[in-house]
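For the sequence shown, UniProt numbering begins at 1 and goes up steadily by one.
Each residue gets a CB set at the ideal place from its N, CA and C atoms; glycine is no exception.
No experiment lies behind these values; they were computed from the predicted model shown.
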Amino acid sequence: MMFRKIHSLDPDTVIEFYLAKKGVSKKHSKNIKRIKSDLINDSKIYQKLAISGKFHDIGGRISSIDNDSKKSLKILYDTYVKESGVKKFIFEQSLYCAGCQKGYATDRATKDHFLPSSNYPNFFVLPWNLVPTCGDCNRAKSSISPKNNKDNLPHPYFNPLLFKKNWLKVVIKEVKPLKYELAFDDELRRSEKQMVINHLVAYKLEGAFNRHMSVLFEELDDVLHERFANNGSANLRLFLDGERQKAYISPSKLKTYWPINIEYAFLSGLHDSDWFCDNYYL
Numbered sequence: 001m002m003f004r005k006i007h008s009l010d011p012d013t014v015i016e017f018y019l020a021k022k023g024v025s026k027k028h029s030k031n032i033k034r035i036k037s038d039l040i041n042d043s044k045i046y047q048k049l050a051i052s053g054k055f056h057d058i059g060g061r062i063s064s065i066d067n068d069s070k071k072s073l074k075i076l077y078d079t080y081v082k083e084s085g086v087k088k089f090i091f092e093q094s095l096y097c098a099g100c101q102k103g104y105a106t107d108r109a110t111k112d113h114f115l116p117s118s119n120y121p122n123f124f125v126l127p128w129n130l131v132p133t134c135g136d137c138n139r140a141k142s143s144i145s146p147k148n149n150k151d152n153l154p155h156p157y158f159n160p161l162l163f164k165k166n167w168l169k170v171v172i173k174e175v176k177p178l179k180y181e182l183a184f185d186d187e188l189r190r191s192e193k194q195m196v197i198n199h200l201v202a203y204k205l206e207g208a209f210n211r212h213m214s215v216l217f218e219e220l221d222d223v224l225h226e227r228f229a230n231n232g233s234a235n236l237r238l239f240l241d242g243e244r245q246k247a248y249i250s251p252s253k254l255k256t257y258w259p260i261n262i263e264y265a266f267l268s269g270l271h272d273s274d275w276f277c278d279n280y281y282l
């Protein structure tokens, strides 16, 4: 799992860095010291609920943060997540956004609070709550947090089994012009399907993926038509197989593999559709 090293970061890494630094605000240091033990306890609750997929229960189980402490934690987030090296460490774990799993999540990207800081300031600087995302996905998700059991999102740091599976497949409809729909990979369990739905909704991805597939098909359409016209359906399928293998990313490539590989899923959908390969270009 690409993010397994995240768990080597202590939950109070940023806090300890700040408190050990000379010349920082005495007022903010005092606030942080006052709530430090509560924050560490909150992080244990976070870890437990993240593993069990029950973040909807977290509100009533963590400490209350007063306004002065919120301001102090915001300062730590704004400056010391980067200065402590935590930001760099997180971004070194993957090259892509955890949301769309397509856009680059490099140093110029953003850190999404998996549980939003507006609702849960307790986790403002908890490394396990900081997930690399592209700007579009960060803005789309905004302050979304689970209200009940069915609302929970898959956490890239705590749901390793789900993040090792493919999530989606593309089903080609037998109509012209080409139409298709996203469906779940056959290997997903019911509870996993619900989390994948929540992920797609939270990051507003279905429309983005449909546009991406539409553009991809426009780019390939003439080539596919020519392949079919000159060499028949078997050669068309062979070509599609080659294209999807180029798009495929193995789970062994830890920094580039993600469960949503929309290009591979789309090309596989075309390849696996007998109707498309045999009839679409007639």
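Problem - Of the residues Pro127, Ile75, Tyr281, Leu162, the one placed nearest Pro177, counting alpha carbons only - result: Tyr281
Practice task
For Glu181, write down the residues that DSSP places opposite it in a beta bridge.
Solution key: Val171
Practice task
State yes or no: is the C-beta of Asn149 within less than 8 Å of the C-beta of His225?
Solution key: The Cβ-Cβ distance between Asn149 and His225 does not fall below 8 Å.
Handout entry: Ranges of the beta strand (DSSP E) found wholly within the stretch 123-157, counting only runs of at least 3
Key = 130-133
Exercise for the section: Go through its chain and collect everything with a Cβ distance to Met213's Cβ below 6 Å, but skip five positions before and after it. Expected result: Phe266
Problem - Limits of the beta strand (DSSP E) - the one that His113 falls within - result: 110-113
Exercise for the section: Please state whether DSSP places Tyr257 in a helix, a strand or coil. Expected result: coil
Practice task
Measure the CB-CB distance between His199 and Pro132 and report whether it falls below 8 Å.
Solution key: Going by C-beta atoms, His199 is not nearer than 8 Å to Pro132.
Problem - Spatial distance of Glu187 from Asp112 (CA atoms) - result: Distance between the alpha carbons of Glu187 and Asp112: 29 Å.
Practice task
Using three-state DSSP, classify Tyr96 as helix, strand or coil.
Solution key: If DSSP states are grouped into helix, strand and coil, Tyr96 belongs with the strands.
Problem - Member of Ile32, Gln47, Gly269, Ala229 whose CA lies at the smallest distance from the CA of Ile6 - result: Gln47
Practice task
Please confirm if Phe266 has its CB atom under 8 Å from at least one CB of chain B.
Solution key: The structure shown contains no chain B; it is built from a single protein chain.
Problem - Inter-stretch contact (C-beta, 8 Å, three-pair minimum) for the stretch 223-243 and the stretch 168-185 - result: no
Practice task
Just tell me which of Ala208, Phe209, Phe239, Gly207 has its CA closest to the CA of Asp222.
Solution key: Phe239
Exercise for the section: Look at the alpha carbon of Ala208 and the alpha carbon of Lys147, and state the distance between them as a whole number of angstroms. Expected result: 25 Å
Practice task
Could you tell me the boundaries of the alpha helix (DSSP H) in which Ile75 lies?
Solution key: 67-75
Handout entry: Contact between the stretch 95-105 and the stretch 190-206 (3+ Cβ pairs under 8 Å)
Key = yes
Practice task
Check whether the Cβ atoms of Lys169 and Ser69 lie closer than 8 Å to each other.
Solution key: no
Practice task
Please state whether DSSP places Gln194 in a helix, a strand or coil.
Solution key: helix
Practice task
Return helix, strand or coil for Gly23, following the three-state DSSP convention.
Solution key: coil
Practice task
State the CB to CB distance for the pair Asn122 and Ser72, rounded to an integer number of angstroms; the pair is presumed to be in contact (CB under 8 Å).
Solution key: So it is not a contact: roughly 13 Å between Cβ atoms.
Exercise for the section: Just the C-alpha distance for Lys204 and Asn129, rounded to the nearest angstrom, thanks. Expected result: 20 Å
Handout entry: Coil, strand or helix - Ser62 by DSSP
Key = Checking the sequence shown, residue 62 turns out to be Ile, not Ser. Looking at Ile62 - three-state DSSP - the assignment turns out to be coil, as it is neither helix nor strand.
Problem - Any 3 or more C-beta pairs closer than 8 Å across the stretch 237-256 and the stretch 78-90 - result: Because the criterion of three Cβ pairs below 8 Å is not met, the stretch 237-256 and the stretch 78-90 do not touch.
Problem - Between the CA atoms of Asp278 and Cys134 - distance to the nearest angstrom - result: 39 Å
Handout entry: Residue from Lys87, Ser94, Asn138 whose Cα sits closest to the Cα of Val125
Key = Lys87
Exercise for the section: Determine the DSSP secondary structure at Asp186, reduced to helix, strand or coil. Expected result: coil
Exercise for the section: Compute the distance between the beta-carbons of Ile172 and Phe91, then report whether it is under 8 Å. Expected result: no
Practice task
Leaving out five residues on either side along the sequence, give the residues of the same chain with a beta carbon under 7 Å from the beta carbon of Thr256.
Solution key: Leu95, Tyr96, Ile249
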